[in-house]
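Q: Note that the numbering used here has the sequence shown beginning at 23, numbered continuously upward. C-beta: ideal position from N, C-alpha, C; glycine also. Sending over a structure as C-alpha cells; questions will come in a sec.
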Amino acid sequence: MNKKIILAAGVLTTTLMLSSCGITTNGSSNNTGGNILGEVLGSMGNANTIGNVLNSVLGIDKPSERDLIGTWHYSEPGVAFTSDNTLAKAGGEVAAAQAKTKLTESYKAIGLRRDNTQLTFNSDKTFSGRILGRSINGTWTYDSSNQKIMMKTLFFTLPVYAKRTTKGMSYLMESKKLLTLLQTASALSGNSTIQTVGELSKNYDGIRMGFEMKR
C-alpha cells in the first residue's frame with residue numbers, strides 16, 4: 023500500500039479520535055477540533071501536503087554552523103512545529119499556518135520590515151543586527167544537534183532555533199521569548215501594538231515562532 027495513503031489514514035484516524043473528544047492536536051480542550059479536522063482532510067488530496075507538513079517541523083534539514091554565517095534580512099514570519107509525533111504533524115501544519123497568518127498581521131502593525139530587521143553571524147562568533155531598527159550585538163554559539171543558537175548580548179541571552187527553508191533560513195524561538203523581544207524593541211521604537219503575539223503565546227504550545235530570512 024502507498025505510504026502516503028497509510029499516513030493519511032493514520033492522520034484521519036487520530037484526528038477523528040481527538041476531535042470526537044473535543045481535543046485539538048495541541049492538547050487543549052476546545053471547539054476547534056472539528057475545524058482542524060476539516061482543514062486536514064481538505065488538504066489530504068493535495069500531493070504537497072506531506073511535504074508541507076515536514077517543512078513546518080524542526081529537526082528537518084538541520085543547518086550546519088557554516089550555513090548560518092552571513093547577513094540575513096527579514097522576509098516573512100517564521101513558524102515551525104516541534105512535535106516528534108508523525109501523526110501530530112498534520113495538525114501541527116494547520117496550526118503553524120494559522121499562527122503564521124496572525125504573525126503577519128502583527129508584524130505589519132509594528133512596522134517590521136526587511137530594511138529594519140536583519141542579523142549578521144560572523145565566523146569569529148560575533149553577531150550584529152537590528153530588530154525594528156534597534157541595534158543588537160554580541161557573541162553566539164551553535165549546537166547543531168538541536169539547531170540551537172545561543173545569542174549573548176550585554177543585557178540578555180536569547181536562545182534561537184535555526185531551520186533551513188526553501189527560501190533561506192528561519193530563526194525561531196519560544197513564543198514567550200519572541201513576545202519579550204518584540205515588546206522591548208517596539209517600546210524603544212514607540213510602538214506597542216503586539217497583542218496578537220501575546221495571544222499566540224497562550225494558544226500555540228509546541229510551536230516556535232520568529233523570522234524567515236533571506237541573504
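With 16 as the cutoff for other CB atoms within 10 Å, does R230 come out buried or exposed?
A: Position 208 of the sequence shown, counted from the first residue, corresponds to residue 230. With 16 or more Cβ atoms within 10 Å of its Cβ, R230 is classed as buried.
Q: Below 8 Å on the Cβ atoms is my contact criterion, and I expect T187 with E234 to pass it. Report the Cβ-Cβ distance as a whole number of Å.
A: By one-based count along the sequence shown, residue 187 stands at place 165. By one-based count along the sequence shown, residue 234 stands at place 212. Rounded, the Cβ-Cβ distance is 6 Å, consistent with contact.
Q: Just to confirm before moving on: does the CB-CB distance between N144 and I91 stay below 8 Å?
A: Counting from one through the sequence shown, the residue named residue 144 turns up at place 122. Counting from one through the sequence shown, the residue named residue 91 turns up at place 69. Result yes, Cβ atoms of N144 and I91 sit closer than 8 Å.
Q: Report yes if the CB atom of R136 is closer than 8 Å to the CB atom of Y96, and no otherwise.
A: Taking the first residue of the sequence shown as position 1, residue 136 is located at position 114. Taking the first residue of the sequence shown as position 1, residue 96 is located at position 74. Yes, the pair counts as a contact, with Cβ atoms nearer than the cut-off.
Q: In angstroms, rounded to a whole number, what distance separates the CA positions of L176 and L200?
A: By 1-based counting over the sequence shown, the position of residue 176 is 154. By 1-based counting over the sequence shown, the position of residue 200 is 178. Near 18 Å, if we compare the C-alpha coordinates of L200 and L176.
Q: Give a yes or no on whether the C-beta atoms belonging to W125 and L154 are separated by under 8 Å.
A: Numbered from 1 along the sequence shown, position 103 holds the residue referred to as residue 125. Numbered from 1 along the sequence shown, position 132 holds the residue referred to as residue 154. According to the sequence displayed, residue 125 carries Leu and not Trp. The answer is no: Cβ separation not under 8 Å.
Q: Cβ of Y164 within 8 Å of Cβ of L80?
A: For the purposes of this step, residue 164 is taken as residue 142 along the sequence shown, with counting starting at 1. For the purposes of this step, residue 80 is taken as residue 58 along the sequence shown, with counting starting at 1. Contact flag unset, no.
Q: Could you tell me which of S78, W94, K84 sits nearest to K236, measuring between CA atoms?
A: Taking the sequence shown and counting its residues from 1, the one referred to as residue 236 is at position 214. It is W94.
Q: Quick one: grab the DSSP three-state call for T179.
A: Locating residue 179 in the sequence shown gives position 157, where the first residue counts as 1. When secondary structure is reduced to three states using DSSP, T179 falls in the strand class.
Q: Which whole-angstrom value describes the C-beta separation of S166 and S86, a residue pair presumed to lie in contact below a C-beta threshold of 8 Å?
A: Looking up residue 166 in the sequence shown gives position 144. Looking up residue 86 in the sequence shown gives position 64. Contact holds; Cβ gap of about 6 Å.
Q: Which same chain residues end up closer than 7 Å to N138 when comparing Cβ atoms and leaving out the 5 residues on each side of it in sequence?
A: Reading the sequence shown from its first residue, position 116 is the one you call residue 138. Contacts found: R152, L154, G155.
Q: Would you give the residue range spanned by the alpha helix (DSSP H) that R88 belongs to?
A: In the sequence shown, counting from the first residue as 1, residue 88 sits at position 66. Per DSSP, R88 belongs to the alpha helix (DSSP H) from 87-90.
Q: Starting from the Cα of A102, find the closest Cα among L204, M191, Q205 and give me that residue.
A: Counting from 1 along the sequence shown, the entry for residue 102 is found at position 80. Comparing Cα-Cα distances from A102 to each of L204, M191, Q205, the minimum goes to M191.
Q: Closest by CA to T179, which one among G232, G160, A117, I82?
A: For the purposes of this step, residue 179 is taken as the residue at position 157 of the sequence shown. With distances taken between Cα atoms, T179 lies closest to G160.
Q: Given D83, which residues of its chain have a CB within under 6 Å of its CB, disregarding the five upstream and five downstream residues?
A: The residue labelled residue 83 in the question sits at position 61 within the sequence shown. Cβ neighbours of D83 within its own chain (closer than 6 Å, five residues either side excluded): R186.
Q: For M172, which residues in the same chain have their Cβ closer than 7 Å to its Cβ, ignoring the five residues on either side in sequence?
A: By 1-based counting over the sequence shown, the position of residue 172 is 150. Here the set comprises W162, T163, T179, P181.
Q: Quick one: residues in its chain with C-beta nearer than 8 Å to the C-beta of A118, no 5 flanking neighbours on either side, listed in chain order?
A: On the sequence shown, residue 118 is found 96 positions in, with the first residue counted as 1. Only S78, V101, A102, F103, I229 meet the Cβ criterion.
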